[in-house]
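The structure under discussion appears below in the form of structure tokens.
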Amino acid sequence: MIYTVTFNPAIDKTAEVDQLIVGGLNRLANIRQDAAGKGINVSKTLKSMGISSICTGFLAGDTGQWIESAIQKMGIETRFFWVDGQTRTNLKVLNAQMELTELNEPGPEVHENAILKLLGFLNENIQPKDVVVLSGNVSPGVSKDIYRRIIEQVHAAKGQVILDADGDLFAQGLSARPDVIKPNAYELGQYFGLETEPDVQEAIALARKLLNEDTRLVVVSRGSKGSLFVTEKEGFVVDALKIEFHSAVGAGDAMVTGLARALAEEMNLEQTIDLAVALSAGACMTKGTQPADLKVVEELKKKVKKEKAYEN
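If you count the sequence shown from 1, you need to add 251 to reach the numbering used here.
Below, the structure is given as structure tokens:
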């Protein structure tokens, strides 16, 4: 089973304007509303591929009820824990050039008693080789060591973890040696104290420093410049696919979905690359946080171009 953990879900409202006018009136068009949050986005994309997952995390208030109902209507199993307040609503505005402006609320506080319920749920349910996806920021009031705590618990049950986070969450999570990590190039450089984004060769060298007996794959996303897939035995530089671009919203989550499926099904590295990159590119072709059509993903997989960077 694949479990996705979303500490700070949201209703994502996505809209378009010809030109975003700061301090003026903006009339929105093509408005859509989605249940979102990075883990939820992963579960939605898994569902689009016919793969089951359990969506867990924290919800609050009327907005939380709307999110849970929307997810369940998709046929996704949920096990959320309820806290006081209201789950956040985020506004994402695209101008005519497809430049994204995001206005994100902080979300409700999550206290230790609620976190212990989540940890208890995972402890009771995780089986060997299950995959747990930890992605995104956490709610106000949550300690930055929470991903480390979850990773240690999942590993104790012989489960597997994908970590997609930044800052202290990333740094502390790394100390528990997750199986797969997916920083972007800026986050990778930031972790190693760089002031600028590393170039390809530097990013590969830094990513290889994060490998160990448990952390077997590091994926470095580079936006429009593509991505890097790094293991102990080999590494690949992967080009960004040329697509009809609509929005980068959810592209990173779609890539994580590919990594989760690949880990669960024990795909080899090249299969993992093709799936993860195609899903990410497909997400850029849709509006809001909708998963790409599977036929589109299959066609995109055929177009993935990768160059081997090294082989041991």
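From the three backbone atoms N, C-alpha and C, an ideal C-beta is built for every residue, glycine too.
The structure presented is a predicted model; accordingly, all values stated were derived computationally and were not measured.
Within the chosen definition, does the segment 377-386 reach the segment 310-323 through at least 3 CB pairs nearer than 8 Å? no
Tell me whether ALA444 is buried or exposed, calling it buried when 16 or more other Cβ atoms sit within 10 Å of its Cβ. For the purposes of this step, residue 444 is taken as the residue at position 193 of the sequence shown. Looking at the sequence itself, residue 444 is Gly, so the reference to Ala does not match. Exposed, since its Cβ has fewer than 16 Cβ neighbours within 10 Å.
Rounding to the nearest angstrom, what Cα-Cα distance links ALA280 and GLU267 in this structure? In the sequence shown, counting from the first residue as 1, residue 280 sits at position 29. In the sequence shown, counting from the first residue as 1, residue 267 sits at position 16. Rounded to whole angstroms, ALA280 to GLU267 spans 5 Å at the Cα level.
Option nearest ASN277 by Cα separation, candidates ALA287, VAL344, GLU464, ILE524: The residue labelled residue 277 in the question sits at position 26 within the sequence shown. For the residues ALA287, VAL344, GLU464, ILE524, the minimum Cα distance to ASN277 belongs to VAL344.
Using CA coordinates, which residue listed in LEU468, ALA513, LYS557, LEU492 is at the minimum distance from VAL481? Working through the sequence shown from its first residue, we reach residue 481 at position 230. VAL481 has its Cα closest to that of LEU468, out of LEU468, ALA513, LYS557, LEU492.
Using only CA atoms, which one of ASN346, ALA458, GLY308 lies nearest to VAL431? Within the sequence shown, the letter at position 180 stands for residue 431. Cα-wise, what sits closest to VAL431 is ALA458.
Going by C-alpha distance, which of GLU516, VAL334, ILE401, THR352 is nearest GLU360? Residue numbering aside, residue 360 sits at position 109 when the sequence shown is read from its first letter. Of the listed residues, the one whose Cα sits closest to GLU360 is VAL334.
Note down, in chain order, each residue of its chain lying with its Cβ closer than 7 Å to the Cβ of TYR575, except the 5 sequence neighbours on either side. Coverage of the chain is limited to positions 252 through 563, which leaves residue 575 absent and any answer about it impossible.
Reduced DSSP secondary structure (H/G/I, E/B, other) of SER281: On the sequence shown, residue 281 is found 30 positions in, with the first residue counted as 1. Residue 281 is actually Asn in this sequence, not Ser. Reduced to three states, the DSSP call for ASN281 is strand.
Distance, Cα to Cα, PRO260 vs ASP504? As a first step, residue 260 must be located in the sequence shown, where it is residue number 9. As a first step, residue 504 must be located in the sequence shown, where it is residue number 253. Looking at the two C-alpha atoms, the distance is approximately 13 Å.
From ILE291 to VAL256, what distance separates their C-alpha atoms? Here residue 291 refers to the residue found at position 40 of the sequence shown. Here residue 256 refers to the residue found at position 5 of the sequence shown. Computed Cα separation, rounded: 8 Å.
Under 8 Å, do SER390 and VAL293 count as touching if we go by C-beta distance? For the purposes of this step, residue 390 is taken as the residue at position 139 of the sequence shown. For the purposes of this step, residue 293 is taken as the residue at position 42 of the sequence shown. For SER390 and VAL293, no; Cβs fall outside 8 Å.
Considering only residues of the same chain and omitting the five flanking positions on each side of LEU354, which have a CB-CB separation below 7 Å? Residue 354 sits at position 103 when you count from the first residue of the sequence shown. These residues qualify, in order along the chain: ASN341, LEU342.
Looking only at its chain, what residues have a beta carbon closer than 7 Å to the beta carbon of ASP490, apart from the 5 residues adjacent to it on each side? Your numbering for residue 490 matches position 239 in the sequence shown. Counting only Cβ-Cβ distances below 7 Å, and skipping sequence neighbours, we find GLY477, LYS556.
Going straight from the alpha carbon of ILE272 to that of THR352, what length do you get? By 1-based counting over the sequence shown, the position of residue 272 is 21. By 1-based counting over the sequence shown, the position of residue 352 is 101. Looking at the two C-alpha atoms, the distance is approximately 11 Å.
Please look up how many angstroms separate the CB atoms of ALA534 and GLN522, rounded, as I've assumed it's under 8 Å. Position 283 of the sequence shown, counted from the first residue, corresponds to residue 534. Position 271 of the sequence shown, counted from the first residue, corresponds to residue 522. Between GLN522 and ALA534 the Cβ distance is about 19 Å, and since that is not below 8 Å, they are no contact.
Let me know the beta strand (DSSP E) ranges lying completely inside the segment 261-340, each 3 residues or longer, listed in chain order. 261-267, 280-287, 304-310, 328-333
If you run the structure through DSSP and keep just helix, strand and coil, what is SER390? Position 139 of the sequence shown, counting from 1, holds the residue named residue 390. SER390: coil per DSSP, three-state reduction.
Out of HIS406, ARG473, ILE494, SER472, state which residue places its alpha-carbon closest to the alpha-carbon of THR466. Counted from its first residue, the sequence shown places residue 466 at position 215. Comparing Cα-Cα distances from THR466 to each of HIS406, ARG473, ILE494, SER472, the minimum goes to HIS406.
Short Cβ contact (8 Å threshold) for LYS433 with LEU510: One-based indexing of the sequence shown puts residue 433 at position 182. One-based indexing of the sequence shown puts residue 510 at position 259. Closer than 8 Å, so yes.
Inter-residue spacing [alpha-carbon to alpha-carbon] between ILE253 and ILE282: For the purposes of this step, residue 253 is taken as the residue at position 2 of the sequence shown. For the purposes of this step, residue 282 is taken as the residue at position 31 of the sequence shown. If you take the alpha carbons of ILE253 and ILE282, they lie about 31 Å apart.
Between LEU461 and LEU425, is the Cβ-Cβ spacing less than 8 Å? What you label residue 461 is simply residue 210 of the sequence shown in a count that begins at 1. What you label residue 425 is simply residue 174 of the sequence shown in a count that begins at 1. Result yes, Cβ atoms of LEU461 and LEU425 sit closer than 8 Å.
Range of the contiguous beta strand (DSSP E) that encloses ILE253: Along the sequence shown, one-based indexing puts residue 253 at 2. Segment 253-257, the beta strand (DSSP E) holding ILE253.
In this structure, how does DSSP classify ALA502 when only helix, strand and coil are distinguished? For the purposes of this step, residue 502 is taken as the residue at position 251 of the sequence shown. DSSP places ALA502 in helix when its eight states are reduced to three.
Residue interval of the beta strand (DSSP E) (run including ILE455): Position 204 of the sequence shown, counted from the start, is the residue given in the question as residue 455. Counting along the chain, ILE455 falls outside any beta strand (DSSP E), though it belongs to the alpha helix (DSSP H) covering 451-460.
Of the residues GLN423, PHE487, LEU414, ASP263, which one's Cα is nearest the Cα of ALA454? In the sequence shown, residue 454 corresponds to position 203, counting from 1. Nearest of GLN423, PHE487, LEU414, ASP263 to ALA454, Cα basis: PHE487.
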